[in-house]
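Numbering (our numbering), first residue to last: 1 to 203.
One structure below.
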C-alpha cells in the first residue's frame, strides 16, 4: 500500500505580503465608532424683541422657508428676515378690520407665502426679492384661520369654524376639498392628521 503523502511543505509557508497590523476586533470597533452630535446650549442668534407677537396657542406666526427666509407675523404686519445676510423687510401691513395676522406658511419652493388674517381670508404673496406682490385672496372660512400647510400647489387651511379646506392655488375655483377640525400634514404629503376639541386625533 502506497502511503506517500499527497501534500507536503518542504519549507515553511511564506509570510503574507499585507499583514494586518490591528486585530479584527479593533478594526470592527473603529468602524462602528460614531461622533457625538453637538447640541448647543444657547441660541446662535437672537433677533430683536417682537412686542406685537400674539400670545395665542392656536396661531402659527413663524415659518422658516426653504429659501432661508423667516416670515413672522407681528400684530397687523408680516416681516421677512433673510438668514443669509441678516436683512429685514416688511412684506405687508393691514388695517384693524382685517388683522391681526393669524398664520404664515411658505410654499415648498420658498417663493410663495400664505398669510392668514383674523377676518378668515388668506392672502397669497409672491416674495421674489425686490418685487413682492399679492397674487390672490383665498376665501372659504367663516372664522379666523390659524393653521396653514402646503403640498405642492395645494394649500390646506384650518380655521376656528372647525373646517379644514384644501385649496388649489393654480385654479380660479380653488376649493377642492373640505374636512373638519384642525390639521397637520404628513411629512411625505400623503395625508393629514386632524385634532379637535374633543381630544381626538384623526389620521
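The C-beta atom is built at its ideal place from N, Cα and C for all residues, glycine as well.
None of these values were measured; they are calculated from a predicted model.
Taking residue i as the reference, give the member of the options with the closest Cα.
i, options, result
"residue 218", "83, 75, 87, 163", "This structure leaves residue 218 out entirely; the chain is present only between 1 and 203."
"residue 56", "155, 102, 89", "102"
"residue 90", "84, 127, 176, 110", "127"
"residue 170", "144, 142, 119, 107", "107"
"residue 97", "172, 77, 119", "119"
"residue 82", "73, 65, 39, 125", "65"
"residue 51", "72, 168, 111", "72"
"residue 172", "139, 152, 143, 164", "139"
"residue 167", "37, 133, 114, 42", "114"
"residue 86", "163, 94, 153, 44", "44"
Less than 8 Å between the CB atoms is what I'm expecting for residue i and residue j, so what's the real figure, rounded?
i, j, result
"residue 116", "residue 157", "7 Å"
"residue 174", "residue 161", "Not a contact, Cβ separation roughly 17 Å."
"residue 146", "residue 80", "Not confirmed; about 21 Å, so no contact."
"residue 111", "residue 67", "7 Å"
"residue 125", "residue 132", "6 Å"
Just to confirm my understanding: we take residue i, look at its own chain, exclude 5 residues before and 5 after, and list those with CB closer than 7 Å. What are they?
i, result
"residue 187", "Confidence at residue 187 is low in this model, with a pLDDT of 39, below 50, so the placement of that residue is unreliable and no value is reported for it."
"residue 137", "121, 123"
"residue 54", "61, 100"
"residue 153", "168, 169, 170"
"residue 39", "none"
"residue 84", "68"
Keeping to the same chain, check which residues put their C-beta closer than 6 Å to that of residue i; ignore five residues upstream and five downstream.
i, result
"residue 92", "78"
"residue 109", "none"
"residue 63", "71, 104, 105, 106"
"residue 69", "80, 82"
"residue 135", "124, 126"
"residue 94", "76"
Which same chain residues end up closer than 8 Å to residue i when comparing Cβ atoms and leaving out the 5 residues on each side of it in sequence?
i, result
"residue 144", "102, 116, 117, 118, 119, 120, 159, 160"
"residue 88", "79, 80, 81, 82"
"residue 35", "none"
"residue 176", "154, 166, 167, 168"
For a test of your reading of the model: does the CB of residue i fall under 7 Å from any non-hydrogen atom of the ligand ADP? Yes or no.
i, result
"residue 74", "Looking at this structure, you won't find the ligand ADP or any other ligand, since it has none at all."
Minimum length 3: unbroken beta strand (DSSP E) runs contained in the stretch 128-162: 133-138, 145-151, 154-159
Beta strand (DSSP E) runs contained entirely in the stretch 50-133, provided each spans 3 or more residues: Annotation note: the stretch 50-133 contains the following uninterrupted beta strand (DSSP E) runs of length 3 or greater, listed N- to C-terminal: 62-64, 69-74, 77-82, 88-93, 101-106, 112-117, 122-126.
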